[in-house]
Amino acid sequence: MATLDVDQLYRRYGHILFRRCRSLLRRDEDAMDAVQDVFAKVLKYSSKLDPMRSPLPWLLQIANRVCFDHYTKNRRDPVLDNRGDVQMGVEGVRSEQKADLMEILSEFDQQMQDIVVAYHVEEMTMEEISADIGLSRKTVGKRIEQFQQSLERVVKERTAS
Amino acid sequence: MTETNLSRQELRRPSEDCPSEMTLARSLIADELPTENRHRLDQHLQACRSCATRLATLSTERRAFYQRYPELPPPDAPAGTRWSWIRVVWRFSPAFIAGVWVLFLLQPPTTDHSPFKGALTPAVSLHVERGGAVFEGRPEMRLKPGDRLRFDYSLPEGSAFLHIVNVDNDGRITSYYPGAADSLPINATEHRFLPGSIRLDDYRGRERIFCLFSRTPISIKQINEAVATARGQEGQPPRDIEAIDALPLDAYQRTYFIQKEP
Numbered sequence: 000m001a002t003l004d005v006d007q008l009y010r011r012y013g014h015i016l017f018r019r020c021r022s023l024l025r026r027d028e029d030a031m032d033a034v035q036d037v038f039a040k041v042l043k044y045s046s047k048l049d050p051m052r053s054p055l056p057w058l059l060q061i062a063n064r065v066c067f068d069h070y071t072k073n074r075r076d077p078v079l080d081n082r083g084d085v086q087m088g089v090e091g092v093r094s095e096q097k098a099d100l101m102e103i104l105s106e107f108d109q110q111m112q113d114i115v116v117a118y119h120v121e122e123m124t125m126e127e128i129s130a131d132i133g134l135s136r137k138t139v140g141k142r143i144e145q146f147q148q149s150l151e152r153v154v155k156e157r158t159a160s
Numbered sequence: 000m001t002e003t004n005l006s007r008q009e010l011r012r013p014s015e016d017c018p019s020e021m022t023l024a025r026s027l028i029a030d031e032l033p034t035e036n037r038h039r040l041d042q043h044l045q046a047c048r049s050c051a052t053r054l055a056t057l058s059t060e061r062r063a064f065y066q067r068y069p070e071l072p073p074p075d076a077p078a079g080t081r082w083s084w085i086r087v088v089w090r091f092s093p094a095f096i097a098g099v100w101v102l103f104l105l106q107p108p109t110t111d112h113s114p115f116k117g118a119l120t121p122a123v124s125l126h127v128e129r130g131g132a133v134f135e136g137r138p139e140m141r142l143k144p145g146d147r148l149r150f151d152y153s154l155p156e157g158s159a160f161l162h163i164v165n166v167d168n169d170g171r172i173t174s175y176y177p178g179a180a181d182s183l184p185i186n187a188t189e190h191r192f193l194p195g196s197i198r199l200d201d202y203r204g205r206e207r208i209f210c211l212f213s214r215t216p217i218s219i220k221q222i223n224e225a226v227a228t229a230r231g232q233e234g235q236p237p238r239d240i241e242a243i244d245a246l247p248l249d250a251y252q253r254t255y256f257i258q259k260e261p
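Each protein sequence line maps, in turn, to chains H and Y.
Reminder that position 138 of the first sequence reads as 137 in numbering that gives the first Met the number 0, one-by-one numbering, no gaps.
Reminder that position 15 of the second sequence reads as 14 in numbering that gives the first Met the number 0, one-by-one numbering, no gaps.
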């Protein structure tokens, strides 16, 4: 990347960011709005950009923030995506309950959101997540397990009620 | 609201051994995957038809995305003022300029004579193998005789011609690709390895590799003339190859400066 600029960042990573945002927000228009917001935040926090590393993990974390903010503001039918219920490993999560996954995740800290989205939405391995987020693989595994337990608890509660 | 026709095909990992969707998506971006991971992925793709299909799907989707959104559209502003403002501030922010400078230093030099613009600019990567280990080529590096070089290239769209030559400090030219002939046509592709590898000879000293992407074929004769021009007039000491970071050719150029030592 001889001349890094916003255009070039977009040309390199726009598609991946769009995929991430679309997985979280479902609609193309919302996803594209989110991508624009990501780049606006990139401008605002550009001093955090480490030129020695790929900016992608950082951009994806910003994309998560933007999408969860969007979800919190709108609370209208956002879901992880149509793979969410299968991959979460929780039996019996019906499609109408999928929105709960986002809701549950929105109550966790940002690091947990980053880990769970990377693991369940992008199917990244724990090693990949560990490298991107800068945590040990063990910690990543524990956090995924922690989320899984929370999810199972909520599903049980809802099934009981 | 209408949705795009962008593919929503399932890209789920067929098995635990298969690469994640993110790894495949990263592989479509030049130099985004570490060399070791790229080799692992290439090996996997050769053996796993499912993943090759997943990658092709992602590649098609990526192309469709950039056809639909070739650049970031301005949000909610017909005049696009917000985005223009972002762009201006971004480009002139001190942190950004510092970042660009560091990145620029890390990248191989390029020429201003490029017939390729913006997103359509080709990319090339150099991989060096030494004693079974593979590492990414740098714009300037020390190599040893016997090191093996492999190149891969990406061309976002259309077709072009490619010629890769090595010029040593004595002005000798070795055509790495396609050999002593005109440059060969290449078509739009992502990360295609050129066939075979190049074993560095015993020449000790300074050399520069020029990767030349052009719209029309470039002959070895034209390259000879360009090298002669770049080295300077007869009767005067020739310019050092280190100082020649582009040849006077109508081509997009990536170069690697090599110092070969025992």
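C-beta atoms are modelled at their ideal positions from N, C-alpha and C, and glycine is treated no differently.
Item, Value
"Gln-145 of chain H to Arg-137 of chain Y span [Cα, whole Å]", "42 Å"
"Test: Ser-19 of chain Y CB closer than 8 Å to a CB of chain H", "yes"
"Nearest-angstrom Cα separation, counted from Cys-210 of chain Y out to Arg-119 of chain Y", "Going by the sequence as given, residue 119 of chain Y is Leu instead of Arg. Spanning the two alpha carbons is a distance of roughly 16 Å."
"Contact between the stretch 219-232 of chain Y and the stretch 159-170 of chain Y (3+ Cβ pairs under 8 Å)", "yes"
"Counterpart residues of Leu-211 of chain Y in DSSP-defined beta bridges", "Y:His-162 and Y:Gln-252"
"Under 8 Å between C-beta atoms of Leu-148 of chain Y and Val-127 of chain Y", "yes"
"Test: Arg-243 of chain Y CB closer than 8 Å to a CB of chain H", "Correcting the residue type first, residue 243 of chain Y is Ile in the shown sequence and not Arg. It does not: the Cβ of Ile-243 of chain Y has no partner Cβ on chain H nearer than 8 Å."
"Beta-bridge pairing of Gln-145 of chain H - partner residues as DSSP gives them", "Paired residue(s): none; Gln-145 of chain H is not in a bridge."
"Cβ of Ser-53 of chain H within 8 Å of any chain Y Cβ", "yes"
"Classification of Leu-183 of chain Y by the beta-carbon crowding that lies within 10 angstroms, buried from 16 upward", "exposed"
"Presumed contact (8 Å Cβ cut-off) between Leu-23 of chain Y and Arg-53 of chain Y, rounded CB distance", "6 Å"
"Bridge partner(s) assigned by DSSP for Leu-154 of chain Y", "Y:Thr-188"
"Interface partners of Gly-140 of chain H on chain Y, CB under 7 Å", "In chain order: nothing, as chain Y lies at least about 15 Å away."
"Separation of Lys-116 of chain Y from Asp-32 of chain H, as counted between CA atoms", "26 Å"
"As assigned by DSSP and simplified to three states, the class of Asp-167 of chain Y", "strand"
"Which of helix, strand or coil DSSP assigns to Arg-26 of chain H", "coil"
"Proximity winner among H:Val-154, H:Ala-117, H:Val-116 and H:Ile-15, relative to Tyr-68 of chain Y (alpha-carbon distances)", "H:Ile-15"
"is_contact[Ala-24 of chain Y, chain H] using C-beta, thresh 8 Å", "yes"
"Near-chain H residues of the stretch 138-153 of chain Y (beta-carbon distance less than 8 Å), N- to C-terminal order", "none"
"Supposed contact pair Ala-122 of chain Y and His-180 of chain Y - C-beta distance, whole angstroms, cut 8 Å", "It should be pointed out that residue 180 of chain Y corresponds to Ala in this sequence rather than to His. Between Ala-122 of chain Y and Ala-180 of chain Y the Cβ distance is about 23 Å, and since that is not below 8 Å, they are no contact."
"Unbroken beta strand (DSSP E) run spanning His-126 of chain Y, endpoints", "122-129"
"Chain-ordered chain Y contacts of Arg-248 of chain H [CB-CB under 7 Å]", "Lying outside 0 to 160, the shown extent of chain H, residue 248 of chain H is not represented and no answer is given."
"Gly-204 of chain Y - DSSP class collapsed to helix/strand/coil", "strand"
"Sheet register partners of Ala-55 of chain Y (DSSP bridge)", "DSSP lists no partner for Ala-55 of chain Y."
"Met-125 of chain H: first and last residue of the uninterrupted alpha helix (DSSP H) it sits in", "125-132"
"Other residues of its chain near Arg-25 of chain Y: CB distance less than 6 Å, five sequence neighbours each side excluded", "Glu-31 and Leu-32"
"Beta-ladder partner(s) of Ile-61 of chain H, from DSSP", "Paired residues: none, contrary to the question."
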